[in-house]
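Per this note's numbering, residue 6 is the first one in the sequence shown, and the count goes up by one each step.
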Amino acid sequence: MTPKKILVVHNPRTGFAQIRLGDYLKALETRGAFPVLRTLSDDFDFKEVLKDASDFERVVVAGGDGTVSGAASILQGTGVPLVAYPGGTANLLALNLKMPATADKLAEVTLKGPVIPTDLGRLDYRIYRRRDYLRARLGLNFSHDLLTAHFTVMAGSGLVAHLVKGAEPFK
6 MTPKKILVVH NPRTGFAQIR LGDYLKALET RGAFPVLRTL SDDFDFKEVL
56 KDASDFERVV VAGGDGTVSG AASILQGTGV PLVAYPGGTA NLLALNLKMP
106 ATADKLAEVT LKGPVIPTDL GRLDYRIYRR RDYLRARLGL NFSHDLLTAH
156 FTVMAGSGLV AHLVKGAEPF K
């Protein structure tokens, strides 16, 4: 029997993981899987990182909710299952999905757990500077490109965005 190829995408800049990544990779290997680890650099491009995702049984994203959301955005519609490894600051998606908190149990869920379709939120937005607001409201030949962001748990701005940005130096 051919071992299951599992792509593990690791974001080292996320918060503190509940499970040591090395223990998890070893647990996958002891169950006959072939994990392929890709560590994200500061200037990574998810499209490039996940370009061959369909060659794997599942993609595990070891990072926070933002990293998982970014991967989910690229994988949407591909049919490739995504596993949320609890490796970020809050891990809200992993908590909501009741992901196990031990390497052995998480490896078991990764390889044999059910595939559960979930929603992926989409937010289309434009960035305006304060001085641009009035021109935009008056319709004075003003436009900014429409940007899109995807999210798995929630979208926020204002205070939450400020607090998350403040956490960056501690990651």
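For each residue, glycine too, the CB sits at the ideal point set by N, CA and C. Values in this document were obtained by computation on a predicted structure and should not be read as measured data.
Collapsed DSSP secondary structure at residue i in the structure displayed
i	result
threonine 44	strand
phenylalanine 51	helix
valine 73	helix
threonine 94	coil
aspartate 57	coil
glycine 118	coil
Bridge-paired residues (DSSP) for residue i
i	result
phenylalanine 39	Lys10
glycine 68	Pro91
Assumed close pair residue i, residue j - CB separation to whole angstroms, cut-off 8 Å
i	j	result
valine 66	alanine 58	At roughly 11 Å, the Cβ-Cβ gap does not stay under 8 Å, so valine 66 and alanine 58 are not in contact.
serine 74	histidine 155	6 Å
Rounded separation between residue i and residue j - CA only
i	j	result
aspartate 109	glycine 171	34 Å
leucine 151	leucine 128	10 Å
leucine 26	aspartate 48	22 Å
proline 119	isoleucine 132	39 Å
lysine 103	valine 114	11 Å
Pair within 9 Å by beta-carbon distance, residue i and residue j
i	j	result
valine 64	leucine 12	yes
alanine 106	proline 91	yes
Residue i Cβ short of 8 Å to the ligand FMN heavy atom set
i	result
glutamine 81	This structure lacks the ligand FMN; in fact it carries no ligand of any kind.
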